[in-house]
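Positions -25 to -1, 1 to 919 (mature numbering (1 follows the signal peptide of the UniProt record, and there is no 0)) are the ones given, in order, by the sequence shown.
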Amino acid sequence: MGRSGGFPRWCMLAILVFFAKNVQCQTTGSASAPAQSSSSGAPSYLAINCGGLTPASASIPSYYGGVTYGSGPFYQPNNSHVSTGSVSGPVVFQADKYYFGTSTKPRQYLGFAPPLNVPDGSLYLTERYGLDFQYELNVPNGSYSVELFFAETQFDQPGARVFSILIQGQIAVADLDIFARVGMNQSLIITQPAVVSNGLLSIAFQTVSSNLNDGEAKVNAIHVYSSNTEHVPFPAPPSSYNINAGSSASYTAADGTKYSADSFYVGGSTSTFTNLLSPAPSSISQSREPSIYAYARTGASFSYYFNLPLGSYQIELDFVEDNYSRAGQRVFTVAVQGVKAFPAIDIIANSTYTLSPASAPAPSPADVYTPAPYSLSTAASVSNGLLRIDFAGLNGTNATVSAIRVAPLVSTTKLTLAVDCGSAIDVISGNGVIFNADQNYSGGVALLTNPYQVFLPYNADNDDFLYSTVRQGNFSYKFSVANGTYLVDLHFADLNATGPGQRVFDVFLQNTKILSNLDVFARTGENISVFIYQAPVNVTSDFLLIRFQGSDLSTLQNFTLSNFTLGGTNYINTLLPPFVSALFIQPGMATPSTTFTPAPAPRTVHRSPAPAPGSQSSRLAPAPRGPPPPPGPVGPPPPNPLFAFAYTPADAPQAPISPVPTFAGAATANPSCPANGAPPQGLNCTGPCPLWSPPFAFSVAINSAGPRYVSSCGVVFEDDSNNSSRCSDGVSSLTPVTQAGIMPPGRTWCRTNIKGPTGGYQYDTPNGIFDTSDPTIFQSEFIGYNAYYIQLPTPGIYYATAYFAEISLGPSSPTVDVNKPGLRLFYVHFNGDNSDAIGPIDPFALAGDAKFAADPSQGKAVQCDTNMMSIQFEAVSTGRDAPSVKGIFVYGPVESLSFNAQAPLGARPSGQPSALAPPPSTGSGASSPVSAGGSAASAAPAPA
């Protein structure tokens, strides 16, 4: 593009106002980036024709302000444009790419005449506009001029569209009003300087006016060029990146892989892990690439932006912890393309490490963490040339990353699907993904809301057009896809609920429940606010099924009923119906951790050798192995009295099935039932039993991280799946808690996390569980240094039982793959007294060196000197992973600390003999657990 006296010639012809600031905008950080390009003939520019890039469609909704889908008469089909105003060589404006933002949309003005006497007038026929959006461009380091092209084609008065422009994070132009500058339908070109020092040029546009009818920020075209007079475009972006985060130097690995110095980032700072330099711990020196762990980028929030060809990619992230020594001290999230791929990363809790020296019965402050590498991988689709990876610390901690690798995804699945649920038209998201009109659904009703009435000008994280429609009711989507692994993004924004508990529902993938009792309002804290959930799924039947179903009221504790009309039917006193705003399905990584199956496959049990005489062991004799689960979702099997695999009722393929049975009459003679005189076990009765509460002044049963559930023994386990069961703020120590003020309203118990994020980590598995009649209890868990506080009626002796199983699935879960004894090892402490404990507990070993098998229950009588019992879970120093708990059962007061929980109670007051014999032995009895010091920890475990 020609220039005269340093000004664009056609800018002078149009008699435009020219602005140039003398202050250069600098990037943050000190890391080096790609070399500068300034020699003659070298690549020197990048130009983008903004807006208008979508496939053809005839649907133009009136409230979209004229946005269309398709190429106009002045455009090549891909919307690229070759400048006609250049005298020293053509400038090719590429089709719109490398953008993201809030409510960012393309607009195309058909029938609009370009500004007269202005070269390249057709550039002004399309634009990108939105509340806040930005372009992230990968260019060589150096000094640049940034030309921004504008024309006001909608408004004919000043103040109707006001916005600011930021370059490299600094305001370059404040409160820009195009009409006030040049009037309507006239071109305006603003040129600003920029300096690139880490390979990334950021150009952001932010709407200033908040009036509903005012225009949003916009741009018609962007031209970035160096001082080089030759018009040579920068080459197409690469298809892979290897970044040594935090390092100022490039690095070549032993296998020839070249890692670039830290580049393409915004925010954060560099960290040097001096403990990992020389000598490096053996866990680091023996890793694939030990040098990449010596540096990192850290910060409360930071992002990386990579320009890539369109397609699917694999992202690998490497981490190590060098600043902290305890789980919970650093917890952060990683989002890819705006979706949380890893909601809560705790390097210490999740990676392979050791604590030393060993202590008993609980870790001491002297324990230290030996750094070890930890890696995570995921997949992502790039629809507009930009891949963004966002890191954000949780609970006041900083995120960190040591290395990033991006490469084309090798997958047997190539299909990408996007559906705007409830919409009659195609819609483009702020990431450039084209969400097709609603299709492939069965059941439900579409709900359409004008997006400008719903979202603007607030809720800055929302892509307004995408969330203005929903499909609601009990419904499903079924897609014909090739077999393989996929990632499914479920988009929600509740437009109607005004509080939690009004709309609660379940979501199934391939008839496997992935979200139980989902309350979007409770998740986001408000309505019209976005919640996105990503789940992997393995397709083996050439169909992908996604099902939405209202939750059973009997599984809920706090809910609000409503009256509404749906599809012409009036509903009275019921929950608001399930809904979904959008679906995005993309190729995933074919790893075991991404496979959802309804039950574990039959397995061979590898048992550890018996310990030598006098050795330390926490293993208990395993229960007899029940028969393996059925091979597929063939429906609920008949009751099996031998502790076999059983379907969780809510997960059965045919629904709805109430998960709260009302066993009456037929079960009255069952001798295994506590209500009929059997020992007071909470789980694993050999048949359905009448509802039962222990004949004491107090009892409570809790399903950790799971919904309300009535066990095979007739015991009601309370819901512990949401925030309503969390203790009040400030409860974070091991000391006994006596004040009742910590309890949420209406509760007699609550849960907190001692050392990690409030509430700990919540996890559930769709896999079936062996060796239990109550798999539901063992399919959900809280992970971390959790504590339960239970309000008692009086001081005294109470019996407490805890339930465990190893259900870790690998990197996709909040835990690593626990596949041998000694990896997850912890104690259960009572009332802050380390001497009053059960353990060490090793869930994998207790199940006979097996996963997805229920452990023998662990219980003891506990002396409580106040009206509050606390139950804490504390890791053993020789273990690797954080504690986990599946459920708790507490009752009392009982007679003494020698209370025998295996003796029959019946329905009589404590102390009265039972006329019924105990049930036949199930093999779940075991020897007493032994502490790390070799002494007996407490009483033998109870049956449940």
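Yeah, the Cβ is synthetic: ideal placement off N, Cα and C, and Gly gets one too.
At the C-beta level, Gly448 and Val420 come within 8 Å of one another. Ranking Leu493, Phe518, Val306 by CA distance to the CA of Ile507 puts Leu493 first.
Judged by DSSP secondary structure, Thr751 falls within the alpha helix (DSSP H) whose first and last residues are 750 to 753. For the set Gly807, Glu870, Phe864, the Cα lying nearest the Cα of Ser845 is the one of Gly807.
Around the beta carbon of Thr473, fewer than 16 other beta carbons lie within 10 angstroms, which makes this residue exposed. Taking the Cα positions, Leu531 is about 11 Å away from Gln477. Excluding its 5 nearest sequence neighbours in each direction, Ile322 has C-beta neighbours in its own chain below 6 Å: Phe294, Glu296, Tyr349, listed in chain order.
According to DSSP, residue pairing for Asn875 in a beta bridge does not occur. Contact check between the region 846 to 854 and the region 819 to 836: fewer than three CB pairs, one atom from each, fall below 8 Å, which does not count as touching.
Excluding sequence positions up to five before and after Val408, its CB lies within less than 6 Å of the CB of Ser358, Ala393, all in the same chain and listed in chain order. If you draw a straight line from the Cα of Phe138 to the Cα of Ile146, it is about 11 Å long. It is roughly 8 Å from the alpha-carbon of Thr388 to the alpha-carbon of Gly563. His804 places its beta carbon 8 Å or farther from that of Glu756.
Here the alpha carbons of Phe124 and Asp71 stand approximately 14 Å from one another.
Per the coordinates, the alpha-carbon of Tyr280 lies some 39 Å from the alpha-carbon of Arg726. CA-to-CA, the gap between Phe366 and Asn651 works out to about 56 Å. Nearest C-alpha to Ser455 among Leu390, Ile489, Ala271: Leu390.
Under the 8 Å Cβ criterion, the region 512 to 524 counts as touching the region 483 to 492, having at least three qualifying pairs. Inclusion of Phe180 and Val194 in the CB contact set at 8 Å is warranted, their separation being smaller than that value. For the set Ser356, Ala354, Ser244, the Cα lying nearest the Cα of Ala275 is the one of Ser244. The alpha carbon of Phe692 has as its nearest neighbour, out of Cys702, Val66, Gln167, Thr751, the alpha carbon of Thr751. When Cβ pairs closer than 8 Å are counted between the two stretches, the region 299 to 308 is seen not to touch the region 401 to 417, the count staying below three. DSSP places Leu520 in the uninterrupted beta strand (DSSP E) bounded by 518 to 525. Beta bridge pairing from DSSP links Pro65 with no other residue. In summary, Glu501 is exposed, with fewer than 16 beta-carbon neighbours lying within 10 Å of its beta-carbon over all protein chains present.
The region 231 to 242 makes contact with the region 208 to 222: 3 or more CB pairs, one atom from each, lie closer than 8 Å. Apart from sequence neighbours up to five positions away, the residues of its chain that approach Ile560 with a beta-carbon distance below 8 Å are Leu390, Thr391, Leu392, Ala393, Phe454, Val456, Tyr461, Leu462, Val463, Asp464, Leu519, ordered along the chain.
Taking 8 Å as the cut-off, the Cβ atoms of Tyr288 and Leu362 count as close. Where Leu361 is concerned, the enclosing beta strand (DSSP E) starts and stops at 361 to 369.
With 16 or more other Cβ atoms from the protein chains shown falling within 10 Å of its own Cβ, Ala271 counts as buried. According to the DSSP assignment, Arg799 belongs to no beta strand (DSSP E), since it is labelled neither H nor E. Comparing alpha carbon positions, the residue from Val207, Ser172, Pro212, Thr166 closest to Ala196 is Thr166. With 16 or more other CB atoms across the displayed protein chains lying within 10 angstroms of its CB, Lys826 is buried. When Phe534, Pro208, Gly105 are compared, the shortest CA-CA separation from Val57 is found for Pro208. For Ser177, DSSP records a beta bridge to Glu111. Closest in alpha carbon position to Ala347, among Phe248, Leu106, Gly721, Gln766, is Phe248.
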